Amino acid sequence: MCALSYWVWCCWARRREQWVVLRSCANGLCLGDAVAHAVLPGICVAFMLSGTKNIAVLMAGAVVSGWLSLWAIDLITRRSRIKADTATGLVLSVFFGIGILLLTVIQRSGNASQSGLDKFLLGKAAAMTGSDVQLLAVVCALLLGTIAVFLRGFWLISFDPNFARAIGMPTRSLELLLATITVVAVAVGIQAVGVVLMAALLLTPAAAARYLTDRLVLMLFLAMSIGALSGVGGAYISYIAPAMPTGPWVVVVLSSIAALCVFFAPRKGLAARWWQHRRNRRQMLEENVLKVFYQLGESKSDFFAPRPIDALQQRRALSHKQLQQGLKRLAAKDYVRQQPEGWVLTDTGKQNAQRLVRVHRLWEVYLSRYHHLAPDHVHDNADAVEHLISPDLEQQLEAMLDYPQADPHNNPIPYKKPKTGRCIAISLSEL
Amino acid sequence: MVIQTPQPALEIHNLTVSYRDKPAIWNIDFTIPEGVLGGIIGPNGAGKSTVLKAAMGLVPVSSGHVRIFGNPLSEVRQRVSYVPQRESVDWDFPASAIDVVLMGRYGKRSLWSRLQRSDHDIAMDCLRKVQLQDFAHRQIAQLSGGQQQRVFIARALAQEADIYLMDEPFAGIDAATENAILELLSNMRNEGKTILVVHHDLQSAYEYFDWIVMLNTRLVASGPKDTVFNAQLLGEAYGAKLTMLSRMANLLKQREFPVQE
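Going down the list, the protein sequences come from chains F and U.
Residue numbers 1 to 431, in this note's numbering, belong to the letters of the first sequence in order.
Residue numbers 432 to 692, in this note's numbering, belong to the letters of the second sequence in order.
The following block contains the structure:
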């Protein structure tokens, strides 16, 4: 039962949060938090006036005070010099303070039906009844429906409010509607997670989903699923371990999922980025080692002679371990082979090495010709860029520079068809 | 020197706007004829953007009014397009280039009705006009500054308006993009559209525009470029601020005095 209820309310709560996240992360966090805390006095007053714990009545109270808090924040920001984040913090603490005060008054009053009201602080899904769940389901459906209908409007006022107003969109009403949705979502979820942790539920699913996709609609669905999943998970844990409040467990599950997203999201996740860096480092090492063979071959006019390790090391400062790693991987690609007297470049190895040297020197020409860099300033940059120049870019460079024959240091540029002899002659004569 | 036109596309009448009681523009009064490519120039803080925002009803106006094709904005909204400053939005928002251009079609549909096939075709067409067709599904965060600016212009094109108000479309873009955008705007002008651009670069202003409005919190000049682009008026616009005026503005702010009674 509680699992079902979770699943239902999860659907709605997740909805709103992304707008909060999208509009302004730092401030949004505060805003969701403020509304969540601000519903407490409403719940207390509703209880004091009605004397019952009827969920519908309490929720109405919650909506009213949540709404008041948003209105207060807006008023303070617009009418005074206080900035939005300060105003939000101010409203949060004042409303929550009043809420706690009222809660204490109620508990002291000796009203027998008050027991369990403090569950609103941390949430207790098991305390929900069948009719509570029905009500939740209806409210959630309404919230989802509203979002689906006004998706475009919400989207535009979040991205570019000035443009929205310029094309005559009723931005003020849409903002009001969005605020109301937030408040209702918070009010509905409060029984399950409690006011203290509500903000986490409002924001975390969206933040996690943002890691997984760049598309808004997909992000909404992902956020919803993440929310639902953690809702079910948290409710289940609090169900099998009866002394546990639900809210903290939902948040724990949710945070774990979010952490997974942050670490393992494709492309944006930390793991993916680490992997990409590792690949870059390996590629750079391999190509740098390969280049050494070409440079040695060039200076000795023999590309295919075996090279002992220390000959390679003399040419480029690489640690022994790095060099061995690079050679091993080049050997696996059949770019080099190990022979008793040393390492030997293969035909494919030479072609690739030649290409690297070619793009390196082309880039140097480009830098000196278009950016007017002195010849002694172009090498380092080219050393980095050579690993990134695709065959496509290479062709463009060649065409743009009109097949230059030597780089700014007067080293010949080795094209695929050997015409190096002529190159050298010309570049020497130009000296 | 202010040259007025009889049947203006845009009429700014005696407009005063203040931010937090400090006047940003005082009694601005000018007209822009139909079918010109006009530029608003003036030093920083002269209120150039404020004029456009006031024309679009985005900032509260202390006094005066704006007429577009002789009507208040609310009656001709479909014929007006506004391009905000590029920095005014968060480009990390999860959206693709085509999504942003499609926003230009929102004004043609009611809030909840779906966009049509034709809207998508028009949006794609507009992207083609700014040569970004290959970037249609690229995330906006991954576009360069110049490309983002072109996306904004494509969105304006998608509105199929008759008058375009653009806030700093040439800011922070490279020379090639600047030329491409200028050519696009000139073509639009040749098709009879009216375009008013807030521009920061005095050097290129004379070359780019046929009508020039010079602001420095007050209106210095407005008219065909050959009439108003002269040393005396430029000196007035860019020279020392009118000290009396700015002292008065500060005083009004300090005393929280209403600009208009």
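All residues carry an ideal CB built from backbone N, CA and C; glycine is no exception.
If you're wondering where the values come from, they're calculated on a predicted model, not measured in any experiment.
U:F566 has a beta carbon lying at 7 angstroms or more from every beta carbon in chain F.
In this structure, the CA atom of U:M597 is about 49 angstroms from the CA atom of F:L135. Nearest neighbour of U:G476 by Cα position, chosen from U:Y595, U:G654, U:V629, U:A526, turns out to be U:V629. Taking the CA atoms as reference points, U:K453 sits about 51 angstroms from F:F264. The residues F601, in chain order, have a CB closer than 6 angstroms to that of U:E609 in the same chain once the five nearest residues on each side in sequence are set aside.
F:F95 sits away from F:S131, with the two beta carbons spaced by 7 angstroms or more.
By the Cβ criterion, the stretch 348-368 of chain F is in contact with the stretch 377-394 of chain F, since at least three pairs of Cβ atoms, one from each stretch, lie closer than 8 angstroms.
At a cut-off of 7 angstroms, the C-beta of U:F524 has a neighbouring C-beta in chain F. In the DSSP annotation of this structure, F:E341 is not part of any beta strand (DSSP E), being labelled neither H nor E. Residue environment analysis places F:F304 among the exposed positions, since fewer than 16 neighbouring C-beta atoms fall within 10 angstroms of its C-beta. If you compare the alpha carbons of F:P306, F:H387, F:V139 with that of F:Q339, the shortest gap goes to F:P306.
Any Cβ of chain U closer than 7 angstroms to the Cβ of F:F163 would place that residue at the interface, and such an atom is present. Distances from the CA of F:M59 to each of F:A187, F:V133, F:I106 were compared; the closest alpha carbon is that of F:A187. When Cβ-Cβ separations below 7 angstroms define contact, F:G145 makes no contact with chain U.
According to the DSSP secondary-structure assignment, U:N621 is paired through a beta bridge with no residue. Between the stretch 217-234 of chain F and the stretch 245-252 of chain F there are three or more C-beta pairs closer than 8 angstroms, enough to call the two in contact. For the stretch 526-545 of chain U, residues whose beta-carbon sits nearer than 7 angstroms to a beta-carbon of chain F comprise A526, M534, Y537, G538, L542, W543. Put simply, of F:V91, F:G189, F:Q324 the residue whose alpha carbon is nearest the alpha carbon of F:L290 is F:Q324. Under the DSSP assignment, U:I459 falls in the beta strand (DSSP E) whose first and last residues are 453-464.
Across the structure, F:L49 and F:Q191 are spaced so that their CA atoms are roughly 19 angstroms apart. Per the coordinates, the alpha-carbon of F:Q405 lies some 28 angstroms from the alpha-carbon of F:V344. At least one beta carbon of chain U lies nearer than 7 angstroms to the beta carbon of F:L216. Per DSSP, U:H496 is one residue of the beta strand (DSSP E) stretching across 494-499. By the 16-neighbour rule on beta-carbons within 10 angstroms, U:M534 is buried. In the DSSP assignment, F:P391 falls outside any beta strand (DSSP E) and lies within the alpha helix (DSSP H) extending over 391-401. Within chain F, the C-beta atoms nearer than 7 angstroms to that of U:Q570 come from D214, in chain order. In the three-state scheme derived from DSSP, where H, G and I count as helix and E and B as strand, U:S541 is classed as coil. Looking at F:S390, F:L260, F:M198, the one whose alpha-carbon comes closest to that of F:L212 is F:L260.
Within the stretch 21-103 of chain F, the alpha helix (DSSP H) runs of at least 4 residues that lie entirely inside it are, in chain order, 25-50, 55-79. At a cut-off of 7 angstroms between beta carbons, U:V520 contacts chain F.
If one requires a minimum length of 3 residues, no beta strand (DSSP E) run lies completely within the stretch 237-304 of chain F.
Using a CB distance cut-off of 7 angstroms, U:M487 counts as an interface residue toward chain F.
In the displayed model, U:S575 falls within coil according to three-state DSSP, outside both helix and strand.
Listed along the chain, the chain F residues whose CB falls inside 7 angstroms of the CB of U:P515 are D160, N162, F163. When 9 angstroms is used as the limit between beta carbons, U:R508 is near these residues of chain F: A166, I167, G168, in chain order.
Look at F:Y335 here: in three-state DSSP terms it is coil, with no helix or strand label.
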